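Under this note's numbering, the final residue of the sequence shown carries the number 176; numbering is consecutive throughout. Just so it is clear, CB atoms sit at the ideal spot from N, CA and C, and this is done for glycine as well. These numbers were taken from a predicted model, which means no experiment stands behind them.
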Amino acid sequence: MKRHNLGARSLWLSFGVLAADRATKFAIERYTSASFRRPIISDIVVLVHNQNPGIAFGVFSDSSSPWLSPLLLLSSAAMMALLVWLLLTGRAGRWLAQSGLAMILGGAAGNALDRLLHDRVTDFLEIGLGTYRWPAFNVADSAISIGAALVLIELLFGGRHRSDSAEHERG
6 MKRHNLGARS
16 LWLSFGVLAA
26 DRATKFAIER
36 YTSASFRRPI
46 ISDIVVLVHN
56 QNPGIAFGVF
66 SDSSSPWLSP
76 LLLLSSAAMM
86 ALLVWLLLTG
96 RAGRWLAQSG
106 LAMILGGAAG
116 NALDRLLHDR
126 VTDFLEIGLG
136 TYRWPAFNVA
146 DSAISIGAAL
156 VLIELLFGGR
166 HRSDSAEHER
176 G
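Printed below as a string of structure tokens:
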């Protein structure tokens, strides 16, 4: 199977992440109030209803700039276009990096859709240990983090990729 065909197929993973993200956010938005908080595993994993107008971990959430949301949407669109191009042209590496980039794409699309629909992102999982609380996150955030880890694993341990021209010259 050619690498670009696998990249195009990995777009289905992006759609799966987007669908899972949207379904979980819809459930939280529809069936819980803004102050909702329910422990799942003691006080370690807690289901919450949080609206984040900023970016990851609440960065810029206190900003009153009218340019923040359009700037975040524009940068998300540019990043998603780059990821689609990498996947469709076969420039995304092997299957591990392609899967990682597809997960990042799906997560970015999920959070961008939220920002487009609500001007903020719905987060609903909070993890803590003792007095430390990790900021609330969602399926899209998880997919972006896992995708980045997959890309990093391939970069560190996947070996060097020979370009098609290098293989052709040796052949």
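- In the three-state reduction of the DSSP assignment, ASN143 falls in the coil class, being assigned neither a helical nor a strand state.
- Apart from the 5 residues on each side of it in sequence, ALA153 sits with its Cβ closer than 7 Å to the Cβ of GLY105, ILE109 in its chain, given in chain order.
- Judged by DSSP secondary structure, PHE31 falls within the alpha helix (DSSP H) whose first and last residues are 16-36.
- Counted as a single uninterrupted DSSP element, the alpha helix (DSSP H) harbouring ILE109 occupies residues 100-123.
- In this structure, the straight-line span from the alpha carbon of ILE49 to that of LEU77 is close to 31 Å.
- The beta carbon of ILE45 lies closer than 6 Å to those of LEU52 in the same chain, with the five residues before and after it left out.
- Taking C-beta separations shorter than 7 Å and ignoring five residues to either side along the sequence, the partners of GLU131 in its chain run VAL51, VAL53, ARG138, TRP139, ALA141, following chain order.
- Here GLY163 is not bridged, per DSSP, to any residue.
- The shortest CA-to-CA distance from VAL144 to any of VAL156, ALA28, ASN57, ASP124 is the one to ALA28.
- A direct Cα-Cα distance of roughly 42 Å separates THR37 from THR94.
- A direct Cα-Cα distance of roughly 24 Å separates ALA97 from LEU118.
- Within the same chain, and ignoring the five residues on either side of ALA102 in sequence, the residues whose Cβ sits closer than 6 Å to its Cβ are VAL156, GLU159.
- With a threshold of 16 other beta carbon atoms within 10 Å, ARG35 falls short and is exposed.
- The C-beta distance from ALA113 to SER74 rounds to 15 Å, too long to meet the 8 Å contact threshold.
- LEU79 and ALA25 have their C-alpha atoms some 23 Å from each other.
- Boundaries of the alpha helix (DSSP H) harbouring PRO75: 73-93, taken from the DSSP string.
- In this chain, the beta strand (DSSP E) harbouring ASP128 covers 126-134.
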